[in-house]
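Notes for the one structure printed next.
Number of protein chains: 2
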Amino acid sequence: MNAVPLEALQRVVGKPNLLVSAEERFTYAFDASKLEAVPDAVVFPASAEEVSEILALAVRYGFPVVPRGAGSGMVGGVLAQKGGVVLVLTRLNRILELDPENMLAVVEPGVVTGRLQAEAARHGLFYPPDPASLQFSTLGGNVATGAGGPRAVKYGVTRDYVLGLEVVLPTGAAIRTGARTIKSVVGYDLTRLFVGSEGTLGVVTQITLRLIPAPETVRTLLAVFPDLDDAARTVSAVMRSRIIPSTLEFMDRATIEAVENHLKLGLPTEAEAILLIEVDGRHTVVDEDAARVEAICREHGATQVERAGTDTERDRLWKARRSISPALGRIRSGKINEDVTVPRTRIPELIRTIRDLAARYDLVIVNFGHAGDGNIHTNIMVDRKDADELRRAERAVEELFRAVIDLGGTLSGEHGIGITKSPFLQWEVDEGAFEAMWRIKRALDPANILNPGKMFVPNRAFFAKGS
Amino acid sequence: MNAVPLEALQRVVGKPNLLVSAEERFTYAFDASKLEAVPDAVVFPASAEEVSEILALAVRYGFPVVPRGAGSGMVGGVLAQKGGVVLVLTRLNRILELDPENMLAVVEPGVVTGRLQAEAARHGLFYPPDPASLQFSTLGGNVATGAGGPRAVKYGVTRDYVLGLEVVLPTGAAIRTGARTIKSVVGYDLTRLFVGSEGTLGVVTQITLRLIPAPETVRTLLAVFPDLDDAARTVSAVMRSRIIPSTLEFMDRATIEAVENHLKLGLPTEAEAILLIEVDGRHTVVDEDAARVEAICREHGATQVERAGTDTERDRLWKARRSISPALGRIRSGKINEDVTVPRTRIPELIRTIRDLAARYDLVIVNFGHAGDGNIHTNIMVDRKDADELRRAERAVEELFRAVIDLGGTLSGEHGIGITKSPFLQWEVDEGAFEAMWRIKRALDPANILNPGKMFVPNRAFFAKGS
Chain A
1 MNAVPLEALQ
11 RVVGKPNLLV
21 SAEERFTYAF
31 DASKLEAVPD
41 AVVFPASAEE
51 VSEILALAVR
61 YGFPVVPRGA
71 GSGMVGGVLA
81 QKGGVVLVLT
91 RLNRILELDP
101 ENMLAVVEPG
111 VVTGRLQAEA
121 ARHGLFYPPD
131 PASLQFSTLG
141 GNVATGAGGP
151 RAVKYGVTRD
161 YVLGLEVVLP
171 TGAAIRTGAR
181 TIKSVVGYDL
191 TRLFVGSEGT
201 LGVVTQITLR
211 LIPAPETVRT
221 LLAVFPDLDD
231 AARTVSAVMR
241 SRIIPSTLEF
251 MDRATIEAVE
261 NHLKLGLPTE
271 AEAILLIEVD
281 GRHTVVDEDA
291 ARVEAICREH
301 GATQVERAGT
311 DTERDRLWKA
321 RRSISPALGR
331 IRSGKINEDV
341 TVPRTRIPEL
351 IRTIRDLAAR
361 YDLVIVNFGH
371 AGDGNIHTNI
381 MVDRKDADEL
391 RRAERAVEEL
401 FRAVIDLGGT
411 LSGEHGIGIT
421 KSPFLQWEVD
431 EGAFEAMWRI
441 KRALDPANIL
451 NPGKMFVPNR
461 AFFAKGS
Chain B
468 MNAVPLEALQ
478 RVVGKPNLLV
488 SAEERFTYAF
498 DASKLEAVPD
508 AVVFPASAEE
518 VSEILALAVR
528 YGFPVVPRGA
538 GSGMVGGVLA
548 QKGGVVLVLT
558 RLNRILELDP
568 ENMLAVVEPG
578 VVTGRLQAEA
588 ARHGLFYPPD
598 PASLQFSTLG
608 GNVATGAGGP
618 RAVKYGVTRD
628 YVLGLEVVLP
638 TGAAIRTGAR
648 TIKSVVGYDL
658 TRLFVGSEGT
668 LGVVTQITLR
678 LIPAPETVRT
688 LLAVFPDLDD
698 AARTVSAVMR
708 SRIIPSTLEF
718 MDRATIEAVE
728 NHLKLGLPTE
738 AEAILLIEVD
748 GRHTVVDEDA
758 ARVEAICREH
768 GATQVERAGT
778 DTERDRLWKA
788 RRSISPALGR
798 IRSGKINEDV
808 TVPRTRIPEL
818 IRTIRDLAAR
828 YDLVIVNFGH
838 AGDGNIHTNI
848 MVDRKDADEL
858 RRAERAVEEL
868 FRAVIDLGGT
878 LSGEHGIGIT
888 KSPFLQWEVD
898 EGAFEAMWRI
908 KRALDPANIL
918 NPGKMFVPNR
928 AFFAKGS
């Protein structure tokens, strides 16, 4: 690996947009994983042309380029663990176009997700994907990771809203993919190949997004279940009733206890599960839908159901869900946060497996998340100074992943692979599919300058053979 | 190109599943384009393993393999214009699994789309994609072409329902892509790379599809407009009213005339446009939605609006739309059927451009299709024995494509590229994106055995350079 040519980079972006001091580089050594890797330099390009010039330098000098937005990813995807340059896209932060008639937006990757949502709302439109980080994460990062969120159960994930991209490839200048229309079958679907590719294939410099009409109103319900299977059967029954909730969130007993110990909200700590359910849509149906959902909850063993129509009541019901993260901080200083996903009927088996793991490895494991699409956030609480606890947690994660695959599930619903899950990618992806992915990586990034060592495990024999 | 090893093929599939006589091969020389190419042999594999063995033979002997379902494609995508073997997937026709609780189906590629829809309906579930050919086209073909249909405006296209695939690659055995859950971000999105790849990257042998709850009911409206812009503004106004119709079909004056001359339904031949609009969903809202849509039509200049609630009334309103194809057969023996797509607000400009082309080139051009997503089927009526008319039509197509690109549109909304549109692919796809596609093609099919000469133009300098 050759040194990063700082003078050449400075000629591309200008002095104020290149960070080289140790202190400044250190601030770009992190994301929301607890990993750390200090880059050799940090650059802030202002255009696709500058990105293109930086990639050309990277190919010539052989240094890694790690594209990055707000750094809110969970899996170390924006860490420069092989050195090189962190390429920060926050200066590309314009909403270039918002077309209410054709219901689409064209944005730069540095636009914060919540900002686009607010802008769309001013036109009665809606950009549904809602990762928890939406008030600071960027649309470029959402595209790179294929971000999801609670609303995915009804509205889908980021990939379902990306119509087209401008992408700078390491082999040349910017290309355009996709179209400004939902229908387009002209050549390969490069758009969705780049969505979720975690900055390993190209640098996204422009995004065309589909918007939809905003729902008129929303109703919120909170239901308490003494029995886990009853809660799971409720999830299926709601989905089968032809009502697709806009949110169907789940908290297990460990989560309820953690939140109650933290906040004293009066949550029933003997309950096995709480479901937080929202229905949205037309004024004329949401009350009917909410009543139907409430009836389904009660028929399936809910001992308590609360409904909210006003914003204040809604905030009260969401309080427990929103307090999970701070509450967990009181159990242990650290957590290993997985986002495994199983077909929704398998959730009870998953939760029971996790309880068994918690008992066998003497760990506190807290489960909550998006029950409607089977995406459960499994938090193994750890004190990172406790080497033994950390070791037990790591073993529990491996067993968890095996169980998820046995249940027909997937290792990551919305966080991605990055560094933290790359040792496990091949547990899920078969050898032929893995080879196909690596062939695509080599075809589009033959010098392997873009986010090297992410997603693919770098030290496998296959790689030595391939690159 | 070496000869096809018939004996080796026969050892793979057995004698009854290999066609070699001229008569039998001739029946696999066509699709819904008017092109013709007789293959050297036709094979009917019964499993992914047999497909894998056939591809291995193709790599060894260097003959082309052209995967095919029902052959209802419009662009010559299943024609063996370079010889070789047509690989027919109709024996792989089992619905392997229909899971109502997790709302998914696992099918083989030879399952006819309508059959899955009927099976899903028995469980109160719905597989929305509805290409016009759905009663005979196969799901494998739908996946290969990324098929759409009228319902796409509300429900999306085939790619939005494919969760995962089993695909046999020319470089090895079958791989699995995707997951059984909506959320999964584990490695590159190979699933959507194969959707719409027109049999050029791999042979799909199994498909996991997402199903959704069936809508409770549907209402149909037919609205007549004396002014084209009024009809177009109605389309936008309906979409902006927070009602997304499940169908929003458009017929222009030339179409109305053709159908009326054929059937004498009493259609207003002086009208500039007819919109056929459906709303579906909950019993409690469809009447309200239909009333709102009717009001919007009248506010925007509709001179006549009819509504249907019963199946009989609905059939009557659909009669004109369904009669277009037979009616066109009375104008000319042949037609050039394009499926250009523009942002929906640009439809009036597109229609005016087409009228101007019809006048300048002395052609009958009939436009109808999916106005909600801007996907307009443009039919240039031709007598294929009239060389001059054919030449004029071809020139009109070229001008049409230029206009569509200038309007921010795409050359194909749902038919794909195949042979007929391959000379125009690079009008829409920029050089860098085209090169990226070709790099992917070479990475996954280095021997170029799968559907060679489709999608990419085979005789460009780039190809000579690349392969």
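Each protein sequence line maps, in turn, to chains A and B. FYI, in the numbering used here the residues of the first sequence are 1 to 467. FYI, in the numbering used here the residues of the second sequence are 468 to 934. Just so you know, even glycine gets a beta-carbon here, dropped at the ideal spot from N, CA and C.
Item                                                                                                                   : Value
Cutoff 8 angstroms: Glu216(A) Cβ touching any chain B Cβ                                                               : yes
Beta-carbon proximity check, Lys454(A) vs Gly418(A), cutoff 8 angstroms                                                : yes
Given Pro712(B) as reference, the closest of Gln477(B), Asn918(B), Asp840(B) once Cα atoms are compared                : Asp840(B)
Arg210(A) beta carbon less than 8 angstroms from that of Ile256(A)                                                     : no
Beta carbon proximity, Tyr155(A) to chain B, threshold 8 angstroms                                                     : no
Three or more C-beta pairs below 8 angstroms linking the stretch 676-691 of chain B and the stretch 566-576 of chain B : yes
Beta-carbon proximity check, Ile907(B) vs Val526(B), cutoff 8 angstroms                                                : no
Same chain, Cβ closer than 8 angstroms to Thr531(A), five either side skipped, listed in chain order                   : Because chain A spans 1 through 467 in this model, residue 531(A) falls outside it and cannot be assessed.
Where Val186(A) meets chain B, residues with beta-carbon distance less than 7 angstroms                                : Thr877, Leu878, Ser879, Ile884, Leu892, Glu895, Val896
C-alpha gap between Val342(A) and Leu125(A), whole angstroms                                                           : 31 angstroms
Distance cut-off 7 angstroms: Thr644(B) Cβ against heavy atoms of the ligand ATP                                       : The ligand ATP is absent from the structure shown, which contains no ligands of any kind.
Chain-ordered residues of the stretch 659-679 of chain B with a beta carbon less than 7 angstroms from chain A         : Arg659, Leu660, Val662, Gly663, Ser664
Per-residue DSSP class, three states only, for Phe63(A)                                                                : coil
DSSP three-state assignment for His123(A), whether helix, strand or coil                                               : coil
Cross-chain neighbours of Leu911(B) in chain A, by beta carbon under 7 angstroms                                       : Ala436, Arg439
is_contact[Thr177(A), chain B] using C-beta, thresh 8 angstroms                                                        : yes
Cβ neighbour criterion (16 or more within 10 Å) applied to Asn728(B)                                                   : exposed
Beta bridge counterpart(s) of Gln771(B) as assigned by DSSP                                                            : Val691(B)
Helix, strand or coil at Arg677(B) [DSSP, three-state]                                                                 : strand
8 angstroms Cβ cutoff met for Leu201(A) and Asp445(A)                                                                  : yes
Reference Val831(B); option with closest CA among Arg813(B), Val864(B), Arg811(B)                                      : Val864(B)
Gly801(B) in three-state terms, based on DSSP                                                                          : strand
Where Ala619(B) meets chain A, residues with beta-carbon distance less than 8 angstroms                                : Ile182, Lys183
Residue range of the unbroken beta strand (DSSP E) whose run includes Val195(A)                                        : It is not in any beta strand (DSSP E) - Val195(A) carries neither H nor E in the DSSP assignment.
Residue nearest to Gly883(B) in terms of C-alpha spacing, selected from Pro596(B), Ile821(B), Val662(B)                : Val662(B)
Helix, strand or coil at Phe901(B) [DSSP, three-state]                                                                 : helix
Unbroken stretches of the beta strand (DSSP E), 3 residues or longer, contained in the stretch 538-611 of chain B      : 552-555, 562-566, 571-574
6 angstroms Cβ shell around Leu79(A) - same chain, five flanking residues per side excluded                            : Leu35, Ala37
His750(B) classed as buried or exposed, judged by whether at least 16 other C-beta atoms fall within 10 angstroms      : exposed
Per-residue DSSP class, three states only, for His750(B)                                                               : helix
Proximal residues, the stretch 275-289 of chain A versus chain B, C-beta separation under 9 angstroms                  : Gly281, Arg282, Thr284, Val285, Glu288, Asp289
For Thr420(A) and Asn459(A), the rounded distance between their alpha carbons                                          : Interpretation of Asn459(A) is limited by its pLDDT of 39, a score under 50 that renders its predicted location unreliable; the figure taken from the coordinates is listed afterwards. Cα to Cα, the separation comes out at about 15 angstroms.
CB contact check: Ile244(A) to chain B, cutoff 8 angstroms                                                             : yes
Buried/exposed call for Asn375(A), threshold 16 Cβ in 10 Å                                                             : buried
Outcome for Leu874(B) when other beta-carbon atoms lying within 10 angstroms are tallied against a minimum of 16       : buried
Rounded separation between Phe528(A) and Gly76(A) - CA only                                                            : For residue 528(A) there is no data in the structure shown, the boundaries of chain A being 1 and 467.
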